[in-house]
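A.B. asks: Below is the structure I would like to discuss, written out as structure tokens.
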Amino acid sequence: MAEIIDPLGNERSIGGLALGVVAQARQKMEARQAFIFRVANYWFEYEPETGLVRWKRKPSGIVRVGQIAGRKSKNGKNTYIRIKVEGKDVLAHQIAYVIHTGTLPNGPIDHENGDGTDNRFVNIRVTSFEGNAKNKRLDQRNASGVMGVSFLPRIGKWRARIGSKKKLHHIGNFDTREQAIAARLAAERDHGFHSGHGRKK
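The opening position of the sequence shown corresponds to residue 2 in my numbering, with each subsequent residue numbered one higher.
Take a look at the structure:
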């Protein structure tokens with residue numbers, strides 16, 4: 002049951018989620034966005050053609066004005082440029098987007114070519130969480146060469162599956178790897194996957 006606050010300050014259960022917790026999470030997100038917007042315009046300059054973010058002001062003794070900001074940082078399977086400013090970490094592509102557009106993104110920022118360190122403006126775009134998931138690189142452990150296609154030794158067939166709208170869909174089992182790949186690629190087109198999805202690193 003969810004919780005709501007009555008005028009006396011008491012919580013009541015409605016549907017399993019505390020509205021006070023939701024409000025707190027929203028406030029934290031808004032504060033984070035405001036922080037990114039402020040530091041982007043105050044501390045940094047952005048070169049949209051090269052994707053580089055540079056320090057506009059001197060934050061400490063070891064950093065020079067004009068110096069490239071940030072360092073490569075691993076986040077799961079992806080690598081991004083992370084910048085430490087005012088004691089907090091921000092991502093360079095967030096800074097880039099704010100400076101270049103003057104607005105905050107209303108969703109995740111996706112890198113068109115899958116390289117999270119390539120922050121040229123032509124390579125970054127705002128997408129949905131699902132859209133971001135539809136633009137992933139191929140896991141190096143994948144033996145078939147195509148995401149969502151795997152061999153089932155127990156039955157001697159190739160299986161094709163696809164994840165979309167938070168569900169895993171079974172496309173089918175096929176006699177050959179080529180048949181399974183063709184079915185998977187057709188499903189990607191049907192589900193609106195990015196053309197670079199499943200590319201090799």
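Just so you know, even glycine gets a beta-carbon here, dropped at the ideal spot from N, CA and C.
Model, not experiment: these values are computed from the prediction.
Report buried or exposed for residue 6, applying the criterion of at least 16 other Cβ atoms within 10 angstroms of its Cβ.
C.D. replies: Within the sequence shown, the letter at position 5 stands for residue 6. In this prediction, residue 6 has a pLDDT of 37, which is less than 50 and means its spatial position is unreliable; nothing more can be read from the coordinates.
A.B. asks: Residue 43: buried (16+ other C-beta within 10 angstroms of its C-beta) or exposed?
C.D. replies: Indexing the sequence shown from 1 puts residue 43 at position 42. Its Cβ having fewer than 16 others within 10 Å, residue 43 is exposed.
A.B. asks: Quick check: the region 45-56 against the region 87-103, are at least 3 beta-carbon pairs closer than 8 Å?
C.D. replies: Touching, per the Cβ criterion.
A.B. asks: Below 8 Å on the Cβ atoms is my guess for residue 72 versus residue 83; work out the distance and round it to an integer in Å.
C.D. replies: Stepping through the sequence shown from its first residue, residue 72 is reached at position 71. Stepping through the sequence shown from its first residue, residue 83 is reached at position 82. Indeed, because the Cβ distance is near 6 Å, the residues count as touching under 8 Å.
A.B. asks: Residues in the same chain with beta-carbon distance under 7 Å from residue 177, minus the five sequence neighbours each way, listed in chain order, please.
C.D. replies: The count along the sequence shown starts at 1 and reaches residue 177 at position 176. Counting only Cβ-Cβ distances below 7 Å, and skipping sequence neighbours, we find 159.
A.B. asks: Tell me which residue opens and which closes the alpha helix (DSSP H) that residue 190 is part of.
C.D. replies: In the sequence shown, residue 190 corresponds to position 189, counting from 1. Start and end: 178-191.
A.B. asks: Quick check on DSSP: helix, strand or coil for residue 80?
C.D. replies: Taking the sequence shown and counting its residues from 1, one reaches residue 80 at position 79. Reduced to three states, the DSSP call for residue 80 is strand.
A.B. asks: Along the chain, where does the beta strand (DSSP E) that runs through residue 125 open and close?
C.D. replies: Reading the sequence shown from its first residue, position 124 is the one you call residue 125. Residue 125 -> beta strand (DSSP E) spans 125-127.
A.B. asks: Can you name the residues that DSSP bridges to residue 55?
C.D. replies: Taking the first residue of the sequence shown as position 1, residue 55 is located at position 54. Answer is 46 and 69, bridged to residue 55.
A.B. asks: In three-state DSSP terms, what is residue 208?
C.D. replies: Because the chain is modelled from 2 through 202, residue 208 falls outside the range shown and cannot be assessed.
A.B. asks: Distance cutoff 8 Å, beta carbons only. Does residue 189 sit that close to anything in chain D?
C.D. replies: Protein chain content of the structure displayed is limited to a single chain, and chain D is not contained in it.
A.B. asks: Of the residues 38, 67 and 28, which one's Cα is nearest the Cα of residue 55?
C.D. replies: Stepping through the sequence shown from its first residue, residue 55 is reached at position 54. Checking every option, the nearest Cα to that of residue 55 belongs to 67.
A.B. asks: Taking a contact to mean a Cβ-Cβ separation below 8 Å, would you say residue 175 touches residue 187 in this structure?
C.D. replies: In the sequence shown, the residue the question calls residue 175 occupies position 174. In the sequence shown, the residue the question calls residue 187 occupies position 186. Cβ distance not < 8 Å, so residue 175 and residue 187 don't count as in contact.
A.B. asks: What separation, rounded to the nearest whole angstrom, lies between the Cα atoms of residue 16 and residue 22?
C.D. replies: If you number the sequence shown from 1, residue 16 lands on position 15. If you number the sequence shown from 1, residue 22 lands on position 21. Because residue 16 sits at a pLDDT of 49, beneath the cut-off of 50, its placement in the model cannot be relied upon, and the point is left open.
A.B. asks: Rounded to whole angstroms, what is the Cα-Cα separation between residue 119 and residue 58?
C.D. replies: Position 118 of the sequence shown holds residue 119. Position 57 of the sequence shown holds residue 58. Each residue's Cα considered, the two are about 23 Å apart.
A.B. asks: Return the Cβ separation of residue 128 and residue 109 in integer angstroms, given the expectation that the two are a contact with Cβ distance under 8 Å.
C.D. replies: Residue mapping note: residue 128 aligns to position 127 of the sequence shown, counting from 1. Residue mapping note: residue 109 aligns to position 108 of the sequence shown, counting from 1. With a Cβ gap of about 6 Å, residue 128 and residue 109 count as contacting.
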